[in-house]
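Protein chains in written order, with our numbering: chain V, 403 to 768; chain S, 1140 to 1261. We put the beta carbon where it would ideally sit given N, CA and C, even for glycine. Small disclaimer: the values here were computed from a predicted structure and weren't measured. Just below is one structure, and these are the notes that go with it.
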Amino acid sequence: MFWEKKNNNNNAFFGSDVRIANYLSDGLLVFDKNDKLVLVNLQAEEFFQIRKEKILGKSILELNRFPNFEPLVSILTGRIKEFFRRELQIEENFILEVTSTLMIINGEKSGTLVILHNVSREKIVEKMKSEFVTLAAHQLRTPTSAIKWSIQILLDGDLGELKKEQRKILEKMYKTNDKVIRLVRDLLNLAQIEEGRFLSKIILSDVEDIIQLIINESRETIEEKKLKFEFKKSKDKLPKVMLDVEKMKIAIENIFNNALRYTFSGDKISISLKNNKKEIEVKIQDTGMGIPRDQQTKVFTKFFRGTNIMKVDTEGTGLGLYMAKNIIEAHGGKIWFESGKDKGSSFYFTIPVKESFREFITGKFY
Amino acid sequence: MAKKILIIEDDKFLRELIGQKLLKEGYDIVEAVDGEKGIKSVKDEKPDLVLLDLILPGIDGFEVLTKIKEDTEIAQIPVIILSNLGQKDDIEKGLKMGAADYLIKAHFTPGEIIDKIKVVFK
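This is the structure:
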């Protein structure tokens, strides 16, 4: 293999290596330990529309001069991680999944393997699916509004006095319909998030302000449920971060609303902010119902609802945390939690303080 | 004299529901089923208020609003947008274009919509 021959000549390959590489359906780029390009297969030439003679021997930074390589270079540079996988949009309807692996042989960095897998077709199908969900959900809006209005007109007594039993049934109908309305709203948000149409308006914002706004909107619930609530702000001033305020608000609201919903009267909820220099860490803690241990791996999956909460609350759609995770990761942040049944839950997430943002605008993280 | 309200809404059932409620509250109503007829009605009927849906066949609600605000003769008629669209962008756009209020259908009951109309009339 080539790294065994590196002492003689850095660019030397056994012919069979190159030949095998050329038969791969994925694109392959190999950089040596000095980050110089030493192997390009046919598929990679095809993907970037460039002849290998032009780029072999160039360093990653030198490749930046080729416009076709610019997006790839921007995700390859500044990464010291041994392994990462990212999606890269080369052009409309042409999306590559880039996998980069650091080759460490005998404890020494020997090179970097970059595999380019064409996922355009999957992405198009995924997009069509999301568009279908959007369309279907959108079509449901008018009828659900019509049902809401008609029931309300009946409940208002506009069409005659109601008997107690009739009123009771109508009230249940109204509530059920409101649940459908919420579900439709969540589905629309979800489809939007999955379509990658999110992070539309990214502006420099103050996380503390967003959280304060959410708290203010929930004041009534906090008082009604007699919850003990505390907002622990960071001691030192938090830096402003680049984010899509509307989407981030949805994410934080979803986490916070769970805390509000799955706690009992007298329980404690707190939100704390921490400045970790490179990122802001938010913790939302409650002393509520918690998540049973055996279900904890599924918390961030679509439509997940804990078995314990389903018994007391039928309102949730199981989409909130899935959305929150998507939004936070799209911002380059992380989300995790600690929880125990009847012990409450603590959800944590981070928002990176970044100077360059093209990274998370281009695609989604894994 | 009773105030006259123009309802521009393509869905027949929604139009009936809100119309019925308005009549019961003592308002006069005029109905239009699409944007084009809506603009014509605003000009011909000179209502005291317009309830405007956004997604309409042909010219949409935003365009209707633009046309109303451009015409000095009808520009002062208050327009309340009553729509399914709940995105912040749409709400901001509607209010910026001169709508007196922006109500999301699924979030308001007919009674609450009347309350909002009363606020505009105050």
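Looking only at E455(V), I571(V), K685(V), G708(V), the smallest Cα-Cα distance to D696(V) is reached by G708(V). Per DSSP, the continuous beta strand (DSSP E) segment holding P754(V) begins and ends at 746-754. Counting along the chain, no alpha helix (DSSP H) covers F705(V), and no H or E run does either.
Residues of chain S whose Cβ lies closer than 8 angstroms to the Cβ of Q554(V) are, in chain order, T1248, P1249, G1250.
The continuous beta strand (DSSP E) containing S672(V) extends over residues 670-677. V586(V) and D1183(S) have their alpha carbons spaced roughly 38 angstroms apart. Among the CB atoms of chain S, one or more fall inside 7 angstroms of the CB of D560(V).
Contact between the region 573-587 of chain V and the region 618-632 of chain V is absent: fewer than 3 CB-CB pairs across the two stretches fall below 8 angstroms. If you look at M725(V), you'll find it in the alpha helix (DSSP H) that goes 722-732. Identification of residues in the region 651-663 of chain V having a C-beta nearer than 9 angstroms to some C-beta of chain S yields an empty set. The DSSP assignment places 1151-1163, 1174-1184 as complete runs of the alpha helix (DSSP H) inside the region 1146-1200 of chain S, in order along the chain (cut-off: 4 residues). Separation of Q1159(S) and L1145(S) (C-alpha to C-alpha, rounded to the nearest whole angstrom) is 13 angstroms.
Using a CB distance cut-off of 7 angstroms, S547(V) counts as an interface residue toward chain S. Nearest CB-CB separation between T719(V) and chain S: not below the 7 angstroms threshold.
Ranked by Cα distance from A1239(S), the first of G1165(S), D1150(S), F1260(S), E1155(S) is F1260(S). Excluding residues up to 5 positions away in sequence, D1167, P1186, D1187 lie with their Cβ nearer than 6 angstroms to the Cβ of K1143(S) in the same chain. Secondary structure of E740(V) (DSSP, three-state): strand. In the three-state reduction of the DSSP assignment, F486(V) falls in the strand class, which pools E and B. Excluding sequence positions up to five before and after L615(V), its CB lies within less than 8 angstroms of the CB of K651, all in the same chain and listed in chain order. CA-to-CA, the gap between T1205(S) and D558(V) works out to about 35 angstroms. Unbroken alpha helix (DSSP H) runs of no fewer than 4 residues, entirely contained in the region 428-480 of chain V, are found at 444-450, 454-457, 462-465, 472-478, following chain order.
Rounded to whole angstroms, the gap between the alpha carbons of P1217(S) and V1189(S) is 6 angstroms. G690(V) places its beta carbon less than 7 angstroms from that of D669(V). The Cβ of I571(V) sits no closer than 7 angstroms to any Cβ of chain S. Residue-level contact by beta carbon fails for L1161(S) and chain V, as no gap is shorter than 7 angstroms. M505(V) is bridged by DSSP to G513(V).
Proximity of chain V to F1152(S) at the Cβ level (cut-off 9 angstroms) is accounted for by T544, P545, A548, W551, S552, in chain order. Cβ-Cβ separation between K550(V) and T1248(S): approximately 7 angstroms, consistent with a contact (criterion under 8 angstroms). At least one CB of chain S lies nearer than 7 angstroms to the CB of I583(V). Under the 10 Å beta carbon count, T623(V) is surrounded by fewer than 16 other beta carbons and is classified as exposed. With contact defined as three or more Cβ pairs closer than 8 angstroms, the region 1191-1204 of chain S and the region 1147-1154 of chain S are in contact. Across the structure, E573(V) and E494(V) are spaced so that their CA atoms are roughly 49 angstroms apart.
Under the DSSP assignment, K642(V) falls outside any beta strand (DSSP E); it carries neither an H nor an E label. Under the three-state reduction of DSSP output, N618(V) falls in the helix class.
Legend: CB atoms of the region 487-514 of chain V lying less than 7 angstroms from CB atoms of chain S are not found in any residue.
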